[in-house]
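**Q** Just so you know, we're using the UniProt record's numbering here: the sequence shown kicks off at 1 and counts up by one.
Using N, Cα and C, we set each Cβ at its ideal position, and we do this for glycine too.
Fair warning: this is a prediction, and the values are worked out from it, not measured in the lab.
Pasting in a structure now, in structure tokens, and then I'll have a few things to ask.
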Amino acid sequence: MNVTNSDEPRVVGIAISGKNLRGYIPSELGSLVYLRRLNLHGNNFYGSIPDQLFNATSLHSMFLYGNNLSGVLPPSICNLPRLQNLDLSNNSFSGPLPKELKNCRQLQRLILAGNKFSGEIPIGIFPEMANLEQLDLSSNEFTGPIPEDMGELKSLTGTLNLSFNHFSGPIPKSLGDLPLTVSFDLKNNNLTGEIPQTGSFANQGPTAFLNNPLLCGFPLQKGCKNDSQNPSGTQPSLKKDEGDEETRKGLKPGLIILIAVGDAIGVALIGLVIVYVYWKKKDSGGSCSCTGKGKFGGNERRKLCPFPCISGFPSNDSEVDSEKGADSGGNGTNGGSEGDLVAIDKGFNFELDELLRASAYVLGKSGLGIVYKVVLGNGIPVAVRRLGEGGEQRYKEFVSEIQAIGRVKHPNVVKLRAYYWAPDEKLLISDFISNGSLASALHGRTGQASSNLSWGTRLKIAKGTARGLAYLHECSPRKFVHGDIKPSNILLDNDFQPHISDFGLNRLINITGNNPSSSGGFIGGALPYIKSASQTERPNNYRSPEARVTGSRPTQKWDVYSFGVVLLELLTGKSPELSSPTSTSTSSAEIIPDLVRWVRKGFEEENPLSDMVDPMLLKEIHAKKEVLAVFHVALACTEADPELRPRMKTVSENLDKVGS
Numbered sequence: 001m002n003v004t005n006s007d008e009p010r011v012v013g014i015a016i017s018g019k020n021l022r023g024y025i026p027s028e029l030g031s032l033v034y035l036r037r038l039n040l041h042g043n044n045f046y047g048s049i050p051d052q053l054f055n056a057t058s059l060h061s062m063f064l065y066g067n068n069l070s071g072v073l074p075p076s077i078c079n080l081p082r083l084q085n086l087d088l089s090n091n092s093f094s095g096p097l098p099k100e101l102k103n104c105r106q107l108q109r110l111i112l113a114g115n116k117f118s119g120e121i122p123i124g125i126f127p128e129m130a131n132l133e134q135l136d137l138s139s140n141e142f143t144g145p146i147p148e149d150m151g152e153l154k155s156l157t158g159t160l161n162l163s164f165n166h167f168s169g170p171i172p173k174s175l176g177d178l179p180l181t182v183s184f185d186l187k188n189n190n191l192t193g194e195i196p197q198t199g200s201f202a203n204q205g206p207t208a209f210l211n212n213p214l215l216c217g218f219p220l221q222k223g224c225k226n227d228s229q230n231p232s233g234t235q236p237s238l239k240k241d242e243g244d245e246e247t248r249k250g251l252k253p254g255l256i257i258l259i260a261v262g263d264a265i266g267v268a269l270i271g272l273v274i275v276y277v278y279w280k281k282k283d284s285g286g287s288c289s290c291t292g293k294g295k296f297g298g299n300e301r302r303k304l305c306p307f308p309c310i311s312g313f314p315s316n317d318s319e320v321d322s323e324k325g326a327d328s329g330g331n332g333t334n335g336g337s338e339g340d341l342v343a344i345d346k347g348f349n350f351e352l353d354e355l356l357r358a359s360a361y362v363l364g365k366s367g368l369g370i371v372y373k374v375v376l377g378n379g380i381p382v383a384v385r386r387l388g389e390g391g392e393q394r395y396k397e398f399v400s401e402i403q404a405i406g407r408v409k410h411p412n413v414v415k416l417r418a419y420y421w422a423p424d425e426k427l428l429i430s431d432f433i434s435n436g437s438l439a440s441a442l443h444g445r446t447g448q449a450s451s452n453l454s455w456g457t458r459l460k461i462a463k464g465t466a467r468g469l470a471y472l473h474e475c476s477p478r479k480f481v482h483g484d485i486k487p488s489n490i491l492l493d494n495d496f497q498p499h500i501s502d503f504g505l506n507r508l509i510n511i512t513g514n515n516p517s518s519s520g521g522f523i524g525g526a527l528p529y530i531k532s533a534s535q536t537e538r539p540n541n542y543r544s545p546e547a548r549v550t551g552s553r554p555t556q557k558w559d560v561y562s563f564g565v566v567l568l569e570l571l572t573g574k575s576p577e578l579s580s581p582t583s584t585s586t587s588s589a590e591i592i593p594d595l596v597r598w599v600r601k602g603f604e605e606e607n608p609l610s611d612m613v614d615p616m617l618l619k620e621i622h623a624k625k626e627v628l629a630v631f632h633v634a635l636a637c638t639e640a641d642p643e644l645r646p647r648m649k650t651v652s653e654n655l656d657k658v659g660s
């Protein structure tokens, strides 16, 4: 391969990948002073990287992975002042990392995995790399401790991968200072001691630390030797001065008496006092309530609740109503023979006859039943979902599930108000959310154009949906897995606040069957029967890779992935799902089945953000930084490995920081 320079044309990029080329990398490439991108990956080049190559000072990206290159990493590589992307993975490079690597101050991606690099990582490299977003040093022969200053990589995203090396010693607590969206992969090393629990460590799963025999503590199922002294895993006790200061700040006499009772009893009583004080404060109305009590209908303006679970605990009133519902219905085994309409809470106060007389309009149909809009006599609309007609022998099981769903009360989750049970008819009555779904807002309803959602509105929808989903995962009675997060299951009210719908239904469908009948039930002609959509599933491109495996069990990380795809759809305006064959939407949204791969490829190839973002957002130049931040959150959510995805609680917290 011979390359010589010429004035015309100017060579700014060379991409010859996967061509099985052999030989040395030509030193003449260094004479291409305008060369910006060099991509020779997936060939059989051997030998070392020629020093002359670093004369091409415009070079900002070098992709040489998947060759047979060897030798050391040249210290002069940082003579390239614009170098941003360096991928030398899966070669045979060896030796230590040069301390001169700290001079690569513009570097954003450093990928050296799958080589034979060895020795300790020099101190002082990482504080200089303020722009580094991706670091992968896995599958090498590095030794010594993980550098403390690695925690100063404040721009890092995705996964910090140090796996399959020989790192030793304790994990530095400073890694907890990395951004919360960063996942760790430290498995297969010789690390020792207790895993820190601060900052980013709280979001890591056990996979991140496997095969370090002397490592202990959460999230590994291996306690540390000092656990007996501190079994709860809490912080050590305060120093004397700090404890005295706390006492001076106001230990109440009542608490002092409780402490004097004794260790075990005293701690238990203190806990009861704290719970009592919290509930007294909650009852005073000073804290945010997520119970959803108030005017029935679902579109009233409500104060947005912060994430903590305690703001969403059910009220005593709703618990009483749910228990009443469990006891009603004839013999309590099969429900009443004529059917029972049971209110979940006191906000729902109409009678069965009123539902019978109401007009009904079909909103949608799917494998989860048919949904109708029913306008009651007082003018209030509700949504009525018609389930299957089976499950007569599973009444108690049905009611138990209904109670769990009914106790979910959060401003961003559709509220279940009542249910109807009869041997041949089962109905769920919930708030009617008036402004359609996110899918129709983005891509248009049947026969209508899509809404032009501003960036502020999209960010509001993303934040609200994340809060609601985090609540379902962390605080709901069953720690629900939704299992089908997608834009059509995110409903919008008149203020474009999102409401997650269709959660907890899979279990009910299993109980009742999924073929609503036109012949049975009290409803007669009030709710017109329409044949449910075909159960032949189209590919669901919102589902995570592991969710597409037959027989796999739903997990919360499924929802995290699906939410990440929804974020990408909000950002790009492109749909990952094929439209219905009968759709007559006027939307011209581009369909990209593998939206995740398309976006990742765009970032890998450094495509301009304007090539990926929804054209509707291009005029909002001020939002570029926020858009990029949400892209990073979405990419973290859509990691292929579920262990590398953050929890929804973390996702929600990170989104709340955007634009605030």
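1) Please report how far the alpha carbon of V72 lies from the alpha carbon of T572, in whole angstroms.
2) I need the straight-line Cα distance from R386 to Y420, nearest angstrom please.
3) Out of A56, D484, C224, Y395, point me to the one whose CA is closest to S76's CA.
4) In the DSSP assignment, find the alpha helix (DSSP H) that holds residue 737 and state where it starts and stops.
5) DSSP on D495, reduced to helix/strand/coil?
6) Roughly how many angstroms lie between the CA atoms of I509 and P554, to the nearest whole one?
7) With 16 other CB atoms within 10 Å as the buried threshold, where does Y542 fall?
8) How about A470 and K649: do their beta carbons lie closer than 8 Å?
9) Provide the residue(s) that pair with P219 in DSSP beta bridges, ordered along the chain.
10) Within a Cβ cutoff of 7 Å, which residues of the same chain sit near L132, ignoring the five residues on either side of it in sequence?
11) Tell me the rounded alpha-carbon separation between R417 and I461.
12) Under 8 Å by Cβ, that's how I've got G468 and N412 pegged, so tell me the actual separation to the nearest angstrom.
13) Taking the alpha carbon of A113 as the point to measure from, which residue in L491, D136, A383 has its own alpha carbon closest?
14) Rank P615, G119, V560, V633 by C-alpha distance to the C-alpha of L442 and give the top, closest one.
15) Report yes if the C-beta distance between S200 and G176 is below 8 Å; otherwise report no.
16) In the DSSP assignment, find the unbroken beta strand (DSSP E) run with D611 in it and report its ends.
17) Under DSSP, the alpha helix (DSSP H) around V651 begins and ends at which residues?
18) To the nearest angstrom, report how far apart N607 and D502 are at their CA atoms.
19) Quick one, are the C-beta atoms of L635 and L609 less than 8 Å apart?
20) Suppose you measure from the CA of L617 to the CA of D51; what does that come to, to the nearest Å?
21) Can you give the beta carbon distance from C216 to G223, rounded, assuming they're within the 8 Å contact cut?
22) As a quick exercise: from P423, K373, L69, pick the residue whose alpha carbon is nearest that of K396.
23) Enumerate in chain order the residues of its own chain whose CB-to-CB distance from L101 is below 6 Å, with the five nearest sequence positions on each side excluded.
24) Compute the beta-carbon to beta-carbon distance between T465 and I433, rounded to the nearest angstrom, for a pair I have assumed lies under 8 Å.
25) By a C-beta neighbour count over all protein chains shown, 10 Å radius and 16 as the cutoff for buried, is I16 buried or exposed?
26) Could you have a look at Q134 and say whether DSSP puts it in helix, strand or coil?
27) Buried or exposed: where does L655 fall if 16 or more other Cβ atoms within 10 Å of its Cβ makes it buried?
28) My assumption, with CB atoms under 8 Å, is that N85 sits in contact with S61. Please give the rounded CB distance.
**A** Considering the structure as presented:
1) V72 and T572 have their alpha carbons spaced roughly 41 Å apart.
2) For the pair R386 and Y420, the Cα-to-Cα distance works out to about 10 Å.
3) Ranking the options by Cα distance to S76, first place goes to A56.
4) As displayed, the chain neither begins before 1 nor continues past 660, which places residue 737 out of reach and without an answer.
5) Here D495 carries a coil assignment [DSSP, helix/strand/coil].
6) Between I509 and P554, the C-alpha separation is close to 16 Å.
7) Around the CB of Y542, 16 or more other CB atoms lie within 10 Å, so the residue is classed as buried.
8) For A470 and K649, yes; Cβs fall inside 8 Å.
9) In DSSP, P219 forms no bridge with anything.
10) So the list reads L107, Q108, L110, L153, S155, L156, once near-sequence residues are dropped.
11) Approximately 23 Å, taken between the alpha carbons.
12) 3 Å between Cβ atoms; contact.
13) In this structure, D136 is the residue among L491, D136, A383 with its C-alpha nearest to the C-alpha of A113.
14) Distances from the alpha-carbon of L442 to those of P615, G119, V560, V633 put P615 closest.
15) A contact, by the Cβ cut-off of 8 Å.
16) Segment 609-612 is the alpha helix (DSSP H) holding D611; no beta strand (DSSP E) there.
17) First-last of the alpha helix (DSSP H) with V651: 648-657.
18) N607 and D502: Cα-Cα distance of roughly 37 Å.
19) Taking 8 Å as the cut-off, the Cβ atoms of L635 and L609 do not count as close.
20) Cα to Cα, the separation comes out at about 44 Å.
21) Right, their Cβ atoms sit about 6 Å apart.
22) When each option's Cα is compared against that of K396, the closest is P423.
23) Cβ within range, chain order: I125.
24) 13 Å between Cβ atoms; not a contact.
25) Exposed, since its Cβ has fewer than 16 Cβ neighbours within 10 Å.
26) Residue state for Q134 is assigned as strand, using DSSP reduced to three classes.
27) L655 counts as buried, since no fewer than 16 other beta carbons sit within 10 angstroms of its beta carbon.
28) The Cβ separation is near 4 Å, so the contact holds.
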